[in-house]
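Note that the sequence shown covers residues 64 to 413 in our numbering.
Note that beta-carbon positions come from the ideal geometry of N, C-alpha and C, so glycine has one too.
Keep in mind the model is a prediction, meaning the values are calculated, not measured.
Note sheet for the following structure.
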Amino acid sequence: MGDLNSDLSATNVNEEGRDLEKLLEENSYHPVPFGPTHHQARLRVDPVTGQRTLRESYTWIDVICVSLPERVLSHQKSSEPFIQVHDYIAIDYAFGTAAAREMVTASRDFRRYDAALFRADVGRALDDAVPAGRRDLTTLLRNFYSATTTVLDRHAPMSVRAARGLSRPWCSGELRRRLRERDRLYRTARRSGNVELLLEYRRIRKELKIRMKEARDAYYSRQLASAGDAASRWSALRRLGLARPTLPSPLQFFGADELVSHYASVTNLGAPCAREELDEILLAAPAPSVVGFGLSRVEAVDVLGALHECSSRARGWSRDGLSLRYLQDVFTVVAPALDEIFNASIEERT
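In structure tokens, the structure reads:
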């Protein structure tokens, strides 16, 4: 907010005002609509006739900008100039803190997983789902996904759990028992209003704080002492949350679609082109090119090599939920099926 010396009045937007409006729009800011906030009266004397004329000007140069206009509950300005010829302007803005959303993660449980049995089951399922020589690409893809996920669900079922805070491995069973006793003592003291119990609670709380700190420091010392080199020590510090604070994820407060829409709006540095301009761009003839590209059939051994190469560098998650790391024990089994799918795709596109 401030006196920006750029008139935003709807009836008299000068060049500076238009530049300010463009700057605010590019950065997703919105001026609160106060109207004229600067009032000036000047007495002009004609040098020839000596006639005196009073000229008044009303401009909107005192601006309050917000990124979320829906949070402006109300706005007001003084009925008369407050400082010099400027109005006093103010808004009621709902700051608030977004409530954290419960983070739920889904992962597969491999505790009872047997690689040999899984490999045999996947092989039998794919023999029926992706037969050799079939060229219906959509059916092949659907059958491959259905067969592998069905076997995965049997050997490594999906489990959904809510994300929890950092664990406290230094908190022993004895300390946890004492913490529960402290909490029970506090509830009893609150219900009964007994001052002596409340004083006892405070004494135990102070004692447990000291013991918790000592146990935590001793645990940190053991973890760092067990790190052999500098890289291991830095890794231990990050794991313990001592080297770099872990910032909360925006997904704890907003949905993915809402975040995408927000960042798409704030990173738009220019207005989109008109529909006519877009049609001209799409209809423009492409520049002549001499680059050639062709597709050829692949073999199962090529697919197997690509799987091994990709698995060593893959870090992301597949959108269909079928992560490559789930299949790392059955690459030799799925390679022939993927070979059929790739060749069917090549034949369909050529």
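Distance CB(residue i)-CB(residue j) smaller than 9 Å
i, j, result
"Val167", "Val95", "no"
"His138", "Asp155", "yes"
"Leu207", "Leu401", "The identity of residue 207 in the sequence shown is Phe, whereas the question assumes Leu. Closer than 9 Å, so yes."
"Thr211", "Leu385", "yes"
"Thr122", "Leu106", "no"
"Pro132", "Arg171", "no"
"Leu358", "Leu370", "no"
"Met64", "Ile124", "no"
"Pro399", "Ala195", "yes"
"Ile409", "Arg338", "no"
"Val126", "Phe97", "yes"
"Ala407", "Asp199", "yes"
"Tyr37", "His218", "This structure cannot settle anything about residue 37, because the visible part of the chain is limited to 64 through 413."
"Val185", "Leu390", "yes"
"Arg231", "Arg279", "yes"
Residue i - DSSP class collapsed to helix/strand/coil
i, result
"Ala306", "coil"
"Gly291", "coil"
"Gln286", "helix"
"Leu83", "helix"
"Ile267", "helix"
"Pro313", "helix"
"Leu260", "helix"
"Ala153", "strand"
"Pro94", "strand"
"Val329", "helix"
"Leu136", "strand"
"Gly355", "coil"
"Leu131", "coil"
"Val366", "helix"
"Arg250", "helix"
"Arg182", "helix"
"Leu71", "coil"
"Asp280", "helix"
"Ala337", "coil"
"Phe405", "helix"
"Leu322", "helix"
"Asp342", "helix"
Residue i - partner residues in DSSP beta bridges
i, result
"Tyr121", "His102"
"Thr116", "Arg107"
"Gln419", "This structure leaves residue 419 out entirely; the chain is present only between 64 and 413."
"Asp66", "Asp125"
"Ala169", "Val223"
"Ile146", "His149"
Cβ of residue i within 9 Å of any chain B Cβ
i, result
"Val223", "Absent from the structure is chain B; it holds one protein chain and no more."
Own chain partners of residue i with C-beta closer than 6 Å, once the 5 adjacent residues on each side are dropped
i, result
"Gln286", "Ala299"
"Ser141", "Asp150, Tyr151"
"Ser374", "Leu387, Gln391"
Own chain partners of residue i with C-beta closer than 8 Å, once the 5 adjacent residues on each side are dropped
i, result
"Tyr264", "Arg245, Leu248, Tyr249, Ala252"
"Ala281", "Trp233"
"Leu271", "Leu238, Arg241, Leu242, Arg245"
"Glu79", "Asn68, Ser69, Asp70"
"Ser130", "Ser91, Tyr92, His93"
Residues near residue i in its chain [Cβ-Cβ closer than 7 Å; skip 5 each side]
i, result
"Pro313", "Leu322"
"Thr395", "Leu367"
"Trp297", "Ala306"
"Arg108", "Checking the sequence, you will find Val at residue 108 rather than Arg. Arg115, listed in sequence order."
Original post:
Going along the chain, which unbroken runs of the beta strand (DSSP E) with 3 or more residues stay wholly within the stretch 186-243?
Top reply: Listed in chain order, the complete beta strand (DSSP E) runs (minimum 3 residues) inside the stretch 186-243 are 221-225.
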